[in-house]
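Residue numbering for the sequence shown follows the working numbering, beginning at 16 and increasing consecutively.
Note sheet for the following structure.
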Amino acid sequence: MRTETTYTLTVECQFCGTLNRVAVDRVADGPKCGSCGRPILLDRPLHVSDQTFQQVIRDTEIPVLVDFYANWCGPCKMMAPVLDDVARERMGQVLVLKLDTDRNPVTQQAFGVRSIPTLILFRDGREAARQTGAVPRAQLDTLLTPPAR
Ligand SMILES: [Zn+2]
């Protein structure tokens, strides 16, 4: 199904780190990195860093869900498969990102993230909702539901 307006998203190539712009209606066609030619796999959460975070958020026209996590964090590990499911089932509707707070302290501090996991939903480049702590899928779906107009 195509809509008249095609949204684009900006994602970091997980192999070479190059930022790529991808049209949402092409995500299922197997887009490839413009720099290294390897696939951009949007059916799973993508890692993002201090270096790329701002631009990815600013240049992505669909909602972005960011998982602030750390490798040593048990509840974060519990959330991982839930986020995998969300990324796969809502591919092209929601961009799911993971930010390793140990390696990317600038972004963590910029958003005042003090405990992990913290999930922040961005709409139009701005924080729209926040959830701290591991939550079941149903609660995550509520977070992702657009506010009533
Ligand atoms: Zn690449």
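By construction, the Cβ of each residue, glycine as well, lies at the ideal position given by its N, Cα and C atoms.
(1) According to DSSP, Pro54 sits in a beta bridge with which residue or residues?
(2) What do you get for Val121, buried or exposed, if any count of 16 or more other CB atoms within 10 angstroms of its CB means buried?
(3) Taking 7 Å as the cut-off, is the beta-carbon of Ser50 closer than that to any non-hydrogen atom of ligand 1?
(4) Using DSSP's beta-bridge definition, name the partner residues of Leu98.
(5) In whole angstroms, give me the CA-to-CA distance for Asp65 and Ala163.
(6) What residues match up with Phe83 in a beta bridge as DSSP calls it?
(7) Per DSSP, what kind of secondary structure is Gln124 in: helix, strand or coil?
(8) Counting only the same chain and skipping the five closest in sequence on each side, list residues whose C-beta sits under 7 Å from that of Met106.
This is what the structure gives:
(1) Counted from its first residue, the sequence shown places residue 54 at position 39. Bridge partners of Pro54: Lys47.
(2) Locating residue 121 in the sequence shown gives position 106, where the first residue counts as 1. With fewer than 16 Cβ atoms within 10 Å of its Cβ, Val121 is classed as exposed.
(3) For the purposes of this step, residue 50 is taken as residue 35 along the sequence shown, with counting starting at 1. Answer for Ser50: yes, Cβ within range of ligand 1.
(4) Within the sequence shown, the letter at position 83 stands for residue 98. BP columns for Leu98 are empty, so no partner.
(5) Position 50 of the sequence shown holds residue 65. Position 148 of the sequence shown holds residue 163. Their Cα atoms are separated by approximately 32 Å.
(6) Indexing the sequence shown from 1 puts residue 83 at position 68. In DSSP, Phe83 forms a bridge with Leu114, Thr133.
(7) The residue given as residue 124 occupies position 109 in the sequence shown. Correct three-state label for Gln124: helix.
(8) For the purposes of this step, residue 106 is identified with residue 91 of the sequence shown, where counting begins at 1. Contacts found: Val42, Leu57, Asp58.
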